[in-house]
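J.:
Protein chains: 2
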Amino acid sequence: MLHEPLGEQDAAELARMFKALSDPIRLRLLSLIASRQGEEVCVCDLTGPFDVSQPTISHHLKVLREAGLVGSERRGTWVYYRVLPAALARLSALLQAPTVGVSA
Amino acid sequence: MLHEPLGEQDAAELARMFKALSDPIRLRLLSLIASRQGEEVCVCDLTGPFDVSQPTISHHLKVLREAGLVGSERRGTWVYYRVLPAALARLSALLQAPTVGVSA
DNA sequence: AGGTTGTTTCGACGGATGTCGATATAGCGG
DNA sequence: CCGCTATATCGACATCCGTCGAAACAACCT
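Sequence order for the protein chains is A and B. Just so we're aligned, residue 377 is where the first sequence starts under my numbering, counting upward by one. Just so we're aligned, residue 377 is where the second sequence starts under my numbering, counting upward by one.
1. Taking only three categories from DSSP, how would you classify V428(B)?
2. In angstroms, rounded to a whole number, what distance separates the CA positions of E384(A) and L408(B)?
3. Short of 9 Å Cβ to Cβ, which residues in the stretch 390 to 416 of chain A face chain B?
4. Could you compute how far the alpha carbon of R392(A) sits from the alpha carbon of D399(B)?
5. Report yes or no: do three or more beta-carbon pairs, one from the stretch 453 to 470 of chain A and one from the stretch 417 to 431 of chain A, lie closer than 8 Å?
6. Compare the C-beta of T475(A) against all C-beta atoms of chain B and say whether one is closer than 8 Å.
7. For the alpha helix (DSSP H) that E384(B) lies in, which residues bound it at each end?
8. Starting from the beta carbon of L437(B), find every residue of chain A whose beta carbon is closer than 9 Å, and list them in chain order.
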């Protein structure tokens, strides 16, 4: 919550997560994964909608994964990505706090 | 909401906002401003807690301002910053959506 | 085993970003 | 008007980031 100032460590960790969200392609990737609620999405379904090369998509998925926002699992030939809801919920709660403060 | 894939334009705009949150100093600045709910905070109160120079703080405040996350107003010698709750609420709602989807 | 497809890693390149010191602007007080 | 404090802008520099093509790795199929 933003009602108490963030410590340096928390700020550093949260900044890493927000940085993963700071690219349009990564945001769209995340929304594509999240829009299959709970289900997993194959990488092969994620490369089509974008104008960038497939290695670039793989790089962006890695960034999202290392930020703890998505998880991945290989099943056979394909790799499936899924959203990790707890991480998104944490960020959401952080930004929600000041809003309720003002809406009162 | 992340239940429908983001369009390119929306993604670009949202990415700009998240990018403003992707730096630890900016996150702490925002939390310092937000922790005074509704009130405004003088820049002179924001330079102290950090190890970086005053121009750097001014730069980060500019990034937050241009992202639409905070507003500023000059009153006499001092400049006061305040949170713009609607912007934070928008980001919060975006990240909240998949959570409720999974909690069901 | 060899070939084919899906995915990741590597190395390189150009552009963006955080930081600083120096300087400029804004407003107050004598 | 001049100096003083508060804040913003400028120019420079090192580092980081997104992107690509090429290559490596993984798993399937014959």
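By construction, the Cβ of each residue, glycine as well, lies at the ideal position given by its N, Cα and C atoms. The model shown is predicted, which means the values in this text are computed figures rather than measured ones.
T.: So, to answer that:
1. coil
2. 12 Å
3. L390, A391, R392, M393, F394, K395, A396, L397, S398, D399, P400, I401, R402, L403, R404, L406, S407, L408, I409, A410, S411, Q413 and G414
4. 8 Å
5. yes
6. Per-residue confidence for T475(A) stands at a pLDDT of 45, beneath the threshold of 50, marking its modelled position as unreliable; the derived number appears in the next sentence. Taking Cβ atoms only, chain B reaches closer than 8 Å to T475(A), which makes this a yes.
7. E384 to A396
8. Within chain A, no residue comes near L437(B); the closest Cβ sits about 16 Å away, beyond 9 Å.
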